[in-house]
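Accompanying notes for the structure given below.
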Amino acid sequence: MDKLKGVQYRRVVSGHSEPCLSQVGHMTNELLKFKWVFQSVKGFRNAPVGFRHRLKGSTNAVRLRAPQINGSFAVWGGLFSTIDCGLVCLRGKEDPWNSITSGPMTGAVLAGGPLAMVGSAMMGGILLALIEGFGIILTRYTAQQFQNRK
Numbered sequence: 001m002d003k004l005k006g007v008q009y010r011r012v013v014s015g016h017s018e019p020c021l022s023q024v025g026h027m028t029n030e031l032l033k034f035k036w037v038f039q040s041v042k043g044f045r046n047a048p049v050g051f052r053h054r055l056k057g058s059t060n061a062v063r064l065r066a067p068q069i070n071g072s073f074a075v076w077g078g079l080f081s082t083i084d085c086g087l088v089c090l091r092g093k094e095d096p097w098n099s100i101t102s103g104p105m106t107g108a109v110l111a112g113g114p115l116a117m118v119g120s121a122m123m124g125g126i127l128l129a130l131i132e133g134f135g136i137i138l139t140r141y142t143a144q145q146f147q148n149r150k
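If you read the sequence shown in UniProt numbering, its first letter stands for residue 1, the second for the next number, and so on.
Structure, rendered in structure tokens:
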């Protein structure tokens, strides 16, 4: 336990330091924006002809699917954040490998059955590796731009 002395269990999100598990709210908020648009378009397209019917279909699609999507993502986000923060605690440092490892572990825990665990773990790992890799590339690119201006 001595190696964990001085490790901070806080994350910096949007310039504000906050407890590790509170990032679930930020993830849920971002997903809701995307899913609202997706479900609106889906409801609009599947509704009967006529603008009023399509607008009502769009609203109903969002209203009916919101609880299911929110619940599913809350479970996934809570488990992902718990595993991520646990890895920060165990490893004693916060880097992209924590998130890349948390994705497959979350997928494996939530899947039903061995075959689904392998598939979910692979998809979670690939997705998180792409997201983290893109973030690293973007950070390095923007850092090079600021170094060239000096």
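All residues carry an ideal CB built from backbone N, CA and C; glycine is no exception.
With the cut-off set at 9 Å, would you say I69 and K35 are in Cβ contact?
Yes, the Cβ-Cβ distance between I69 and K35 is below 9 Å.
Would you mind sorting T106 into buried or exposed? The rule is 16 or more other CB atoms within 10 Å of its CB.
Label assigned to T106: buried.
Say whether the segment 98-114 touches the segment 59-66, bearing in mind that this needs 3 or more beta-carbon pairs closer than 8 Å, one atom from each stretch.
Touching, no.
What are the boundary residues of the alpha helix (DSSP H) that includes K56?
That run of the alpha helix (DSSP H) goes 51-91.
May I have the straight-line CA-CA distance separating R45 from F38, to the nearest angstrom?
If I take the Cα positions, the gap works out to 11 Å.
With DSSP collapsed to three states, give me the class of Q144.
The answer is helix: DSSP assigns Q144 an H, G or I state.
Going along the chain, which residues of its own chain have a beta-carbon closer than 6 Å to the beta-carbon of Q8, five neighbours each way excluded?
Because the pLDDT at Q8 is just 46, under 50, the model does not fix this residue reliably, and the point stays unresolved.
May I have the straight-line CA-CA distance separating I136 from D95, to the nearest angstrom?
Using only the alpha carbons, I get a separation of about 11 Å.
Does V88 pass the burial test, meaning 16 or more other C-beta atoms within 10 Å, or should it be called exposed?
Buried, by the Cβ-count rule.
Classify P48 as helix, strand or coil using the three-state DSSP reduction.
In the three-state DSSP reduction, P48 falls in the coil class, being neither helix nor strand.
Applying the 10 Å Cβ sphere with the 16-neighbour rule, what's the burial state of residue 236?
With the chain represented from 1 up to 150, any question about residue 236 goes unanswered, as that position is not in the structure.
Along the chain, where does the alpha helix (DSSP H) that runs through G103 open and close?
Where G103 is concerned, the enclosing alpha helix (DSSP H) starts and stops at 96-110.
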